[in-house]
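Student: Pasting in a structure now, in structure tokens, and then I'll have a few things to ask.
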């Protein structure tokens, strides 16, 4: 049961790979619009990553408590879900904006 629980733990945000987002959706934007969109997406990605990291930490705590003290705590492990998908999508959007910026020679540096 413990092995199954560990597999169900939510991943930290830095372990979630970006989903593919086509840069063509950003082709009609100017460099200024791309920069504004990049900042907006980065802000949302930071919020989503923070929420995912909190979820992963909560799962780790529940696993620790469940393994060591109280096995019913293992039922509180949520694993990855919609929040992880949101992190992956936003990471993909950041990559797509960076690619669109590069194609337009905008020199936008997204961090």
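In the working numbering, the protein residues as written are 127 to 237.
Glycine residues also receive a C-beta, built at the ideal position from the N, C-alpha and C atoms.
Computed from a predicted model, the values in this text were never measured in an experiment.
Give me, in chain order, the residues of the same chain whose beta-carbon lies closer than 8 Å to that of residue 234; leave out the 5 immediate sequence neighbours on both sides.
Tutor: Residue 234 sits at position 108 when you count from the first residue of the chain shown. These residues qualify, in order along the chain: 157, 160, 161, 164, 223, 224, 227.
Student: Quick check: residue 210 and residue 178, are their CB atoms within less than 9 Å of each other?
Tutor: The residue labelled residue 210 in the question sits at position 84 within the chain shown. The residue labelled residue 178 in the question sits at position 52 within the chain shown. Yes.
Student: In or out: residue 220 buried (at least 16 other Cβ within 10 Å) or exposed?
Tutor: In the chain shown, the residue the question calls residue 220 occupies position 94. Buried: at least 16 other Cβ atoms inside 10 Å.
Student: Suppose you measure from the CA of residue 140 to the CA of residue 175; what does that come to, to the nearest Å?
Tutor: Position 14 of the chain shown, counted from the first residue, corresponds to residue 140. Position 49 of the chain shown, counted from the first residue, corresponds to residue 175. If you take the alpha carbons of residue 140 and residue 175, they lie about 8 Å apart.
Student: Who are the Cβ neighbours of residue 214 in its own chain at under 7 Å, not counting the five residues just before and after it?
Tutor: Counting from one through the chain shown, the residue named residue 214 turns up at place 88. Answer for residue 214: 142, 143, 144, 145, listed in chain order.
Student: Could you compute how far the alpha carbon of residue 154 sits from the alpha carbon of residue 183?
Tutor: Along the chain shown, read from residue 1 onward, the residue named residue 154 stands at position 28. Along the chain shown, read from residue 1 onward, the residue named residue 183 stands at position 57. C-alpha separation (whole angstroms): 40 Å.
Student: Near residue 170, what residues of its chain come up, given a Cβ to Cβ distance below 7 Å and the 5 sequence neighbours on each side ignored?
Tutor: The sequence position of residue 170 within the chain shown is 44, counting from 1. Hits under 7 Å: 216.
Student: Using only alpha-carbon positions, find the residue among 218, 208, 231, 149 that is nearest to residue 137.
Tutor: Position 11 of the chain shown, counted from the first residue, corresponds to residue 137. Among 218, 208, 231, 149, the Cα nearest to that of residue 137 belongs to 208.
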